[in-house]
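Step one of this worksheet: look at the structure below.
Protein chains: 2
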Amino acid sequence: MSDKTFDHKECGSCPIRHRAVCARCEADELEELDSIKYYRSYEAGQPIIWSGDRMDFVASVVTGVASLSQAMEDGRTQMVGLLLPSDFLGRPGREFAPYDVVAVSNLTLCCFRRKPFEQMMLHTPHVSQRLLEMTLDELDAAREWMLILGRKTAREKIASLLAIIARREASLELTTAGDGMSFELPLTREAMADYLGLTLETVSRQISALKREGVITLEGKRKVIIPDYDRLQIETGDDTDGGLI
Amino acid sequence: MSDKTFDHKECGSCPIRHRAVCARCEADELEELDSIKYYRSYEAGQPIIWSGDRMDFVASVVTGVASLSQAMEDGRTQMVGLLLPSDFLGRPGREFAPYDVVAVSNLTLCCFRRKPFEQMMLHTPHVSQRLLEMTLDELDAAREWMLILGRKTAREKIASLLAIIARREASLELTTAGDGMSFELPLTREAMADYLGLTLETVSRQISALKREGVITLEGKRKVIIPDYDRLQIETGDDTDGGLI
DNA sequence: CCGGTGCCTTGACCCAGATCAAGAATTGCG
DNA sequence: CGCAATTCTTGATCTGGGTCAAGGCACCGG
């Protein structure tokens, strides 16, 4: 498996340097961040934080994928956030975690001790400006997701998720989503179900249906090929091409 | 109808002064904001902005309620934000509106011209810090909402919405939600359906059911009385009392 | 090589909520 | 006052996706 890792452990060679919360920092600011940071790694499937836990760090995802989810006591679970490389975990000023956080794939976090980070935000507008921007983007993503959860059919939900992953994958490669592109699904069927408010059986059935009808091609259970991106886009139910952004 | 209005039009007597984006501002900063602000009013039901419109202001809700919603071209609609007094509308740095905004009740906005507001944010950390805080709160609310949309039954959805409104109503009165409290529903059945990802018929049926079983009492179609707040809380499906915050 | 353990697929059946349809209650207006 | 126009309620019926159940497939450790 092609697990990208990050071994150098210094900002100069950091793959998310230009997109993370530190994107706008100058050399001296980076140095200050450097003094309060440390790295942690998790294996796929490992829990990172349970809801209610004390949290005395915030972090950037360097490599891998993590999920935020909320559980009801009878076991129903809804994923409420999907953290990809450069995304930010935690909230300045908050002591206890409100969600369960799980490493969906192998994961590396760049952690900052919370207190000094909060301190730094007070006198470093470059950090808080960037964090505001990222939070506003996340809010937009959450709202797109709400439309998916509230109004789309199971088939549209699956198509939407595939399109979202395709777009993010493409943006990492610095291209745009196009015909013939392929990617590895970072989520199990169950995690997709938790993301979309479905059962894993329905996820499986809808993926089979999209495959049967040639909207997607599968190689194994996880590798997806998109022969015709516009066709997939139509299946999402969204108006032709990107209304947003 | 008890439409609270705001006639004085100056920050000194502003009802949201201590909670809005300007909450942390000093006198001189307020003065600067004052020079770029103006008020606008809308009647219940009026559209404020259509998705795709150019938007050259941002604003705070002073009185009333507004909704953000996303529509699919076949008419399916999902509300993705509900703006109550002190909530912020718009995004610095964004030129075109991504959602439809509608005045749900009579509404007064305190608008700031966008360019000067953006300019001010660069040198006024009190504004951007407060905006970050508010955006993070909105993100939390959106995530609670995602659990509602993705995993709750129709009955739980209605109970959750009533509990949310009850809590916000109570916090405006500076008390906590308790037995016997009452409030006017600010939403039509259709708006509630758009909020919860249901049809208006299902909303109506579930409200009737909750009334029949004594969880709530209705006075007319809009005024709700909560005889037993804990009972309502149980009907939401959330674990006993507030897990969050 | 074999049994175990995750993860995924597929089938049969059922039910919560959507859809279609018909009024009732309230408001406003000529 | 009567007659729209809204907004809401209720009933009858239908269906998408949930639930329950039975395997299939790939990988791992012994």
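Quick mapping for you: the protein sequence lines, in order, are chains A and B.
Once you know that position 116 of the first sequence is 773 in the working numbering, the rest is easy, because the numbers rise by one and skip nothing.
Once you know that position 117 of the second sequence is 774 in the working numbering, the rest is easy, because the numbers rise by one and skip nothing.
We treat Cβ as the ideally placed atom computed from N, Cα and C, and that holds for glycine.
Backbone CA spacing between residue i and residue j [nearest angstrom]
i         : j         : result
Asp-885/A : Asp-691/A : 44 Å
Ile-902/B : Met-791/B : Caution is warranted here: a pLDDT of 42 is assigned to Ile-902/B, below 50, making its placement in the model unreliable, and no coordinate value can be reported.
Arg-879/A : Pro-742/A : 20 Å
Ile-805/B : Gly-732/B : 22 Å
Ala-834/A : Leu-889/A : 11 Å
Leu-764/A : Gly-721/A : 4 Å
Lys-630/A : Glu-688/A : The structure shown does not extend to residue 630/A, since chain A spans only 658 to 902, so no value can be given for it.
Leu-853/A : Asp-896/A : 20 Å
Val-872/B : Met-736/A : 30 Å
Arg-676/B : Ile-883/A : 48 Å
Cys-682/A : Glu-700/A : 30 Å
Gln-727/A : Leu-818/A : 19 Å
Thr-734/B : Ala-684/A : 47 Å
Cys-671/A : Gly-738/A : 23 Å
Gly-747/A : Pro-843/A : 22 Å
Gly-899/B : Gly-807/B : Residue placement at Gly-899/B cannot be trusted, given a pLDDT of 48 that sits under 50; what the coordinates show is reported in the next sentence. Distance between the alpha carbons of Gly-899/B and Gly-807/B is about 19 Å.
Arg-869/A : Gly-877/A : 15 Å
Ala-828/A : Glu-730/B : Checking the sequence shown, residue 828/A turns out to be Ser, not Ala. So the alpha carbons of these two residues sit roughly 27 Å apart.
Thr-859/B : Glu-830/A : 45 Å
Pro-704/B : Leu-725/A : 35 Å
Other residues of its chain near residue i: CB distance less than 6 Å, five sequence neighbours each side excluded
i         : result
Asp-836/B : Asp-885 and Tyr-886
Chain A contact for residue i (CB, 8 Å cutoff)
i         : result
Glu-686/B : no
Met-803/B : yes
Thr-792/B : yes
Glu-795/B : yes
Leu-789/B : yes
Ser-785/B : yes
Pro-843/B : no
Gln-863/B : no
Asp-744/B : no
Pro-782/B : yes
Gln-776/B : no
Ser-659/B : With a pLDDT of 38 at Ser-659/B, under the threshold of 50, the modelled position of that residue is not reliable, and the figure given next carries that caveat. No - not a single Cβ of chain A is within 8 Å of the one on Ser-659/B.
Asp-638/B : Since the first residue shown for chain B is 658 and the last is 902, residue 638/B is missing from the structure and cannot be characterised.
Gly-738/B : yes
Gly-899/B : Confidence at Gly-899/B is low in this model, with a pLDDT of 48, below 50, so the placement of that residue should be treated as unreliable; the coordinate-derived value is given next. Gly-899/B does not count as touching chain A.
Gly-702/B : no
Neighbour flag for residue i against chain B, beta carbons, 8 Å
i         : result
Ala-816/A : no
Glu-730/A : yes
Gly-747/A : no
Gln-727/A : yes
Asp-757/A : no
Ala-799/A : yes
Gln-735/A : yes
Arg-808/A : yes
Asp-896/A : yes
Gly-956/A : Nothing about residue 956/A can be reported from this structure: the residues present for chain A run from 658 to 902 only.
Gly-669/A : no
Cβ-based neighbour list, residue i, same chain, cut-off 7 Å, excluding 5 preceding and 5 following
i         : result
Thr-845/B : none
Pro-755/A : Ser-708
Leu-857/A : Arg-846, Glu-847 and Ala-850
Arg-793/A : Here the sequence assigns Leu to residue 793/A, which means Arg is not the residue at that position. There are no such residues.
Ile-673/B : Ser-717, Val-719, Pro-742 and Ser-743
Glu-914/B : Outside the modelled stretch of chain B, which goes from 658 to 902, sits residue 914/B, for which no answer is possible.
Phe-840/B : Ile-822, Ala-823, Glu-826 and Val-881
Glu-667/B : none
Leu-855/B : Ala-811 and Lys-814
Gly-669/A : none
Gln-863/B : Ala-811, Arg-812 and Ile-815
Beta-carbon proximity list for residue i, same chain, < 8 Å, skipping 5 on both sides
i         : result
Lys-772/A : Asp-713
Pro-749/B : Val-715, Arg-771, Phe-774, Glu-775, Met-778 and Leu-788
Arg-751/B : Met-712
Ser-861/B : Arg-846
Phe-753/A : Gly-709, Asp-710, Arg-711 and Met-712
Met-658/A : Only weak support is given to the placement of Met-658/A: the predicted model assigns it a pLDDT of 39, under 50, and the value that follows is read from those uncertain coordinates. Nothing listed; no residue qualifies.
8 Å Cβ cutoff met for residue i and residue j
i         : j         : result
Arg-787/B : Val-678/B : yes
Val-761/A : Ala-723/A : yes
Ala-799/A : Leu-796/B : yes
Ile-706/A : Val-758/A : yes
Leu-766/A : Tyr-696/A : yes
Ala-816/B : Leu-867/B : yes
Met-838/A : Trp-802/B : no
Glu-686/A : Thr-832/A : no
What runs of the beta strand (DSSP E), each 3 residues or longer, lie entirely inside the segment 733-808 of chain A? 734-740, 757-760 and 764-770
Could you tell me which uninterrupted beta strand (DSSP E) segments, each at least 3 residues in length, are contained entirely in the segment 837-874 of chain A, listed from first to last along the chain? 838-841
Note down, one range per segment and in chain order, each beta strand (DSSP E) of at least 3 residues found wholly within the segment 668-702 of chain A. 694-699
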